[in-house]
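Trainee:
Chains as they are written, first to last, in my numbering: chain A, 1061 to 1478; chain B, 11 to 221; chain C, -4 to 78; chain D, 18 to 656.
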């Protein structure tokens, strides 16, 4: 049966037939005994990896194993911000690859991921913030990434509700703007990749938890799951917060700590904020979803945690920060609040590459910034698995960097003594 | 001190902005206390020699338990297992420190004069607990925090040493000097939010923080 | 919100504490004798378990003492008998 | 009601509504008791309002958010609390107990248990008489998730499930048909339960409809997550008082009122407000800073440096301890000696810097950066307590106890010698990089002869309450030398002229002491924190970014701080970057702009011309030079 394409015509056709003829977006197959490649983790990154394995490398005998339902981890729990304005060239090029993929993603997948390039503002509140912004914007432009330094007045003109008073506790001294940045619909990203991968022959297997990684000598041979043993010579693990747990199954330790990261949304409002605003100094991120909800990202809780919840004072701080930036939002009500688990590496950059176990690949450590990287991460990870060597885009993100000291320190560059 | 030299309280500017001597019938009064001399003392609590020497020199027992203080010529707060804060009348701390140093010679200890590094406020009145509880993470219930107890804890976004002097209740609050204005402002705000005017009043010599 | 039992001050609100990560990581006695891999292991590699975790806390806004507690990283419950 | 003229249709349901702009009529059909199918018999009732009433559902939200399990109860046709994870109990309606006497009894028992758990012995009491209902008085609800019409659900007239997001029974069926079968997928695909009621009206119905569609028991379909809060919570109340001036403490020095009165502009540095510069009538920042700089270089200037972190270290093992933290030779320091010190993270990167003074055999005094004060104190305590508890050392923060007044300029010594003091400020008795204690203008002080400006300078520590008085004495006594207060901007210019770094501005957490050219500060014959990391391959690369000075070729252009540096103009992106400008100022005393930068293999490039890539697309040629622009031999600070 040919794959149904989504279009205005299919919408009309199906409307006439009472929507009774829509096909499943993806199948729910029984897992086979053996695959060429197993992807552990059915989030955006895992599904994207499977899709690009099939599309770019012709490897279609692939299964994605998801312990719950696809997109149910960090893919469905983030604040959906997409940008590529990172300081270090290594990071910037990886995220820029991702942004370029975002720009054609809905068409490529034939699935509307609602990518909206409404711009991302990063605010500066101190002279050092402004030096850092100048440095980052300059680097971005040399890397071929759109970036601008803007004044408080320009910020006010673009975002009328923001408070640029010089008398604020941490007044806004300026900012950077990446116009190509924006937001996307997180669930649709998982579903779109799932549907497109499925169409290319990938098996998406939900409710299938990996409980062990089988090895023979220094090689992987398969996994044990709640649905039985599945064999493969190549296994890509991309399980966001749980990377250390999976690594433990293969006898490895990773330079990661898993922490709760929280977010919340308000009740839906009329359109008041048509861009994304981020502030590191007062620590809050905010945008308005297409449903009208204000989507707010809070800080990371300090302690290790797998509980998908954090402490309320973290939410309080984010509320305070948002009210500092947007006093009018003081009267808005929070409707839902949740937490995800992020695995944070020492340099706040991901780890994408081989491991000491042959045929076992890890893609993890995205910390708080994984969503924006979804297509690029999958693209690079697929390359790494298909060729058994990293693409030049993700070569700097190997595990070896922690031994040589060649960290890509987005952390260090952002917060140090003054 | 030569002519023209004066002390200036950390809250002097803040108090200049305050009017009057405070309202009547308040549910909680806030007094800005005059400065004390403060000594930070560290030493081995299991050393009887150390404990004896200090108590003899100060002519006062050191608080034996965690979170306690003793009153006398000095007020001695126990800050941690091996740390005490000794508050004395301003101007006497030098002499006290000198005596301690002399008597403790040869022992392992640390004595640091931290006068000027913090200020004391006194919050007193039937609703004082409420005023504090809005920003203090400590359990202030009378069952959990009794007269004679002290604790290092937080007040909104700053730290404080809080001591409950009596059941009025009277809370003595010691905050670092650069956070004093924030703390006083916060207490005033907290008082207002329970319809109580918490107006900082200076009770030092002549009601004047600038001497 | 965690209620953390400071061995000196007693149970206090989480916001009074600082978190120090995995406990029992001993600094190598002779770092110069280590290979780069061994040094990286000490510097960066962590157990990060899903379950019981021995971890360091400091009562930052209290007595400033460091101590070790065991906590379940899923339920966030502290084991009772750790010090 | 019948007598009042109200029609009652037993065993009937509404199967449809007609009307264009509003309700005009409803279609009533009869249904058998099992609710399996409608029996037909349509009756049309004309009306303009349709009101619905559903059953009660236990509010299991809090139970669920506390980690408790939720179980489906077939008899009551609702989800009820199951096993708990934390110490909580559900009673009354939220436990699925809808009768008054059950509510009272459960409440009483739970209250008694809670009291006992808190250490109280409750006094016996009786609950009010609820008037026991006869058994079976309230029959369980007969659930009706959707009207079982004969045609396929996708062809039904609209049956709304979520009344806020207009999700219908057909939407749920269509979601399943398209493969969105998990309850969370259905929720997210149809927007079921995303309204402001948080699904309180429609979620259970929606899940039951999904169960019907999947032909599974409701229990197996399960619920979506109950996300807090139970009902909308205002941002404002959550933020509390911490907005505006109470958002974050504003820390002010003991001299703040003086700076304000002097018309200073302030810079936000962490929580602190520091004087940035002191404009006089008609002066802009540039003019004010030029005037302040020249005063320090030519005569006398005064600055409030009280925000520096200050730590006292006491104990017999102080030297051992500090040698493990700092990189320089601590043991070799004589009493009364000061040293510039840096500390590294275990990753070898520069973490903080400051002055270390030895006040006695077992007694040291440290300063930290303004922003690093708390972090450094915490860092020292952590190592002391967790790794080296055997060391006998005590640390005490004295940041707030001491205010620090800097007197800088050729006239500094003359000023101090002219005041009432027992300290010998003479060149011989009080050499550079030493400390003296004594009395000055009648108050006890500690004076450090260190210099962050490159001039003859004294840093006077005085008890904070006395700082305003001493400052005013200096101002009065310094009038004859044209004493000039200066702020952080001038401090930055003066130190940049000397090539002194600011940790956090000229470093960013990825810079080693080798990168800064501080090799001479690194002890070779002992270990210290971070030392091992410095010999990792990446830290030994010859092309690492190193601290250098930059001069604009012939131009008078001041480069914006943060500007990226490249080999030559042009090239396709990504253009290789050599580094960036970390500090950039117009130097009033040299008469031209100067800059500090981190440049790849910078020390080997001295004399080379590279280019600054400005944001407007221009490339400015610049020469790589030594980072020390002024008085390279350091003669002025030694006078």
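For each residue, glycine too, the CB sits at the ideal point set by N, CA and C. Every value quoted in this text rests on a predicted model; they were computed, and no experiment measured them.
(1) Can a CB atom of chain C be found closer than 7 Å to the CB of residue 1305 of chain A?
(2) Check whether chain D comes within 7 Å of residue 1466 of chain A, counting only Cβ atoms and requiring the distance to be less than that.
(3) What is the DSSP secondary structure of residue 200 of chain D, reduced to helix, strand or coil?
(4) In chain B, what lies closer than 7 Å to residue 657 of chain D by C-beta?
(5) Runs of 3 residues minimum, wholly inside the region 456 to 503 of chain D: which ones carry the beta strand (DSSP E) assignment?
(6) Terminal residues of the continuous beta strand (DSSP E) containing residue 171 of chain B?
(7) If you measure between the beta carbons of residue 1249 of chain A and residue 1434 of chain A, is that distance less than 7 Å?
(8) Can you tell me which of the three DSSP states residue 1174 of chain A falls into?
(9) Note down, in chain order, every chain B residue with its Cβ under 8 Å from the Cβ of residue 3 of chain C.
(10) When you compare each of D/570, D/367, D/341 to residue 527 of chain D by their alpha carbons, which one comes out closest?
(11) Which same chain residues, not among the five before or five after residue 505 of chain D, have their C-beta less than 6 Å away from its C-beta?
(12) What three-state label does DSSP hand residue 282 of chain D in the structure shown?
(13) If you check the beta carbons only, do residue 520 of chain D and residue 334 of chain D fall under 7 Å apart?
(14) Going by DSSP, name the residue or residues bridged to residue 1182 of chain A.
(15) From the DSSP output, read off the bridge partner residues of residue 85 of chain B.
(16) Please report the distance separating the alpha-carbon of residue 130 of chain B from that of residue 454 of chain D.
(17) So, for residue 303 of chain D: in the same chain, excluding its five sequence neighbours on each side, which residues have a beta-carbon less than 8 Å away from its beta-carbon?
(18) For residue 7 of chain C, write down the residues that DSSP places opposite it in a beta bridge.
(19) Give me the residue from D/225, D/21, D/196 with the minimum Cα distance to residue 91 of chain D.
(20) In whole angstroms, what separates the C-alpha of residue 66 of chain D from that of residue 36 of chain D?
(21) How about the region 1133 to 1142 of chain A and the region 579 to 589 of chain D: do they share at least three Cβ pairs that are nearer than 8 Å?
(22) Where in the region 1242 to 1327 of chain A do unbroken runs of the alpha helix (DSSP H), each at least 4 residues long, occur, reported from the N-terminal end onward?
(23) Between the Cα of residue 79 of chain D and those of D/468, D/573, D/97, D/72, spot the shortest distance and give me the residue it belongs to.
(24) Taking the alpha carbon of residue 1099 of chain A as the point to measure from, which residue in A/1163, A/1254, A/1396, A/1353 has its own alpha carbon closest?
(25) State the start and end residues of the unbroken alpha helix (DSSP H) segment that holds residue 56 of chain B.
(26) Within its chain, find whatever has a CB closer than 6 Å to the CB of residue 60 of chain B; leave out the 5 residues flanking it on each side and keep chain order.
(27) Considering only C-alpha positions, which residue in the set D/544, D/610, D/578 is nearest to residue 337 of chain D?
(28) Note the first and the last residue of the continuous alpha helix (DSSP H) segment covering residue 638 of chain D.
(29) Hey, is residue 1476 of chain A's beta-carbon within less than 7 Å of any beta-carbon in chain D?
(30) Taking C-beta pairs closer than 8 Å, name the residues in chain C that residue 80 of chain B reaches, listed in chain order.
(31) Thinking just about the alpha-carbon of each residue, which of D/135, D/107, D/133, D/134 is nearest to the one in residue 122 of chain D?
(32) Chain D beta carbons: is any one of them nearer than 7 Å to that of residue 169 of chain B?
(33) Name, going along the chain, the residues of the region 246 to 258 of chain D whose beta-carbon falls closer than 8 Å to a beta-carbon of chain A.
(34) Have a look at residue 97 of chain B and residue 3 of chain C and give me their C-alpha separation to the nearest angstrom.
(35) Can you pull the chain A neighbours of residue 14 of chain C, defined as C-beta to C-beta under 7 Å?
(36) Excluding the 5 residues flanking residue 551 of chain D on each side, which residues of the same chain have their C-beta closer than 7 Å to its C-beta?
Mentor: In brief:
(1) For residue 1305 of chain A, the answer is yes, since a Cβ of chain C falls inside 7 Å of its Cβ.
(2) Judged by the 7 Å Cβ criterion, residue 1466 of chain A is in contact with chain D.
(3) The DSSP-derived three-state label of residue 200 of chain D is helix.
(4) This structure does not reach residue 657 of chain D, given that chain D is present from 18 up to 656, and the question cannot be answered.
(5) Listed in chain order, they are 460 to 466, 474 to 480.
(6) Run containing residue 171 of chain B: 168 to 176, per the beta strand (DSSP E) assignment.
(7) It is a contact, given that the beta carbons lie within the stated cut-off.
(8) If DSSP states are grouped into helix, strand and coil, residue 1174 of chain A belongs with coil.
(9) Result: 76, 90, 91.
(10) Among D/570, D/367, D/341, the Cα nearest to that of residue 527 of chain D is on D/367.
(11) Take residue 505 of chain D, set aside five residues on each side of it, and the residues of its chain with a beta-carbon closer than 6 Å to its own are 284, 291, 293, in chain order.
(12) Assigned with DSSP and collapsed to three states, residue 282 of chain D falls in strand.
(13) Not in contact: residue 520 of chain D and residue 334 of chain D (Cβ atoms no closer than 7 Å).
(14) Its beta-bridge partners are A/1236, A/1338.
(15) Looking at the DSSP output, residue 85 of chain B sits in a beta bridge with B/81, B/97.
(16) Whole-angstrom Cα-Cα distance: 28 Å.
(17) Setting aside the 5 residues that flank it on each side, residue 303 of chain D is surrounded in the same chain by 603, each with a C-beta closer than 8 Å to its C-beta; the list follows chain order.
(18) Its beta-bridge partners are C/-1.
(19) The shortest C-alpha separation from residue 91 of chain D is found at D/225.
(20) It is roughly 11 Å from the alpha-carbon of residue 66 of chain D to the alpha-carbon of residue 36 of chain D.
(21) The region 1133 to 1142 of chain A and the region 579 to 589 of chain D do not touch, with fewer than 3 CB-CB distances between them shorter than 8 Å.
(22) The region 1242 to 1327 of chain A contains these whole alpha helix (DSSP H) runs: 1246 to 1259, 1303 to 1309.
(23) Nearest to residue 79 of chain D by C-alpha distance, out of D/468, D/573, D/97, D/72, is D/97.
(24) That would be A/1254, whose Cα lies nearest to the Cα of residue 1099 of chain A.
(25) Counted as a single uninterrupted DSSP element, the stretch harbouring residue 56 of chain B is not any alpha helix (DSSP H), since DSSP gives it neither H nor E.
(26) The beta carbon of residue 60 of chain B is closer than 6 Å to those of 53, 54, 117 in its chain, skipping five residues each way along the sequence.
(27) It is D/544 whose Cα lies nearest to the Cα of residue 337 of chain D.
(28) Careful: residue 638 of chain D lies outside any alpha helix (DSSP H), inside the beta strand (DSSP E) at 636 to 642.
(29) Below a pLDDT of 50, predicted positions are generally treated as unreliable, and residue 1476 of chain A, at 34, falls in that range; the measurement from the model is reported next regardless. Cβ-Cβ to chain D under 7 Å: yes for residue 1476 of chain A.
(30) Among the residues of chain C, none has a CB under 8 Å from the CB of residue 80 of chain B; the nearest is roughly 18 Å distant.
(31) Nearest to residue 122 of chain D by C-alpha distance, out of D/135, D/107, D/133, D/134, is D/107.
(32) So, not an interface residue.
(33) Going along the region 246 to 258 of chain D in chain order, one finds 246, 249, 250, 251, 252, 253, 255, 256, 257 with a Cβ nearer than 8 Å to chain A.
(34) Each residue's alpha carbon lies about 22 Å from the other.
(35) At a C-beta separation below 7 Å, residue 14 of chain C has these neighbours in chain A: 1362, 1363.
(36) Answer for residue 551 of chain D: 365, 529, 531, listed in chain order.
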